[in-house]
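Encoded as structure tokens, the structure appears first; notes follow it.
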Amino acid sequence: MKKIFFGFLAMLMIASAALTIVPPKEANATILPIIWMFENAKTKGEPSPLGHSEETKKNSLPVSGEKSLSSKDLVKDGKVVQRRYYDGSGKAEMDIDYDHSDGDGTHTFPHRHNWYWPEVGPPSRGPGY
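Residue numbers (mature numbering (1 follows the signal peptide of the UniProt record, and there is no 0)): -17 to -1, 1 to 112.
The structure is reproduced here in structure tokens:
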């Protein structure tokens, strides 16, 4: 009986050592600087310090499937024409357009667009601001 008890106690100690329990306040304190760095880069229009890449071979950027809290540039002829920021789920959150066709002459550059993800239907890019 003692062997079973001490065996169980040893397993319990190993399991508790393997599991690190982080209080919610500490978990939030850990992730807040990460979110702040991403939001700060987005506000300034800079590449995300948490992950950034470039697309040079396609005509558009993906709307989902990218790294969490990252950014991606669409580059044409060596020039950034669009930067897209991706949320914590890897879905498009905001675009900054640096250049594109402007047939009616109403666009100012750079300008931004937020992405909207309805529960039903495809995502859409909002109006420029």
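Cβ coordinates follow ideal geometry from the N, Cα and C atoms, glycine included.
Taking 8 angstroms as the upper bound for CB-CB distance, G28 and S53 are not in contact here, some 15 angstroms apart. Counted as a single uninterrupted DSSP element, the stretch harbouring V103 is not any beta strand (DSSP E), since DSSP gives it neither H nor E. With a cut-off of 8 angstroms on Cβ pairs, the region 38 to 48 is not in contact with the region 86 to 97, counting fewer than three such pairs.
Counting along the chain, S43 sits inside no beta strand (DSSP E), nor does DSSP assign it H or E at all. Proximity to S31 across L44, K62, P93 and I17 peaks at I17, based on C-alpha coordinates. Cβ neighbours of L57 within its own chain (closer than 6 angstroms, five residues either side excluded): E38, L44, V64 and Q65.
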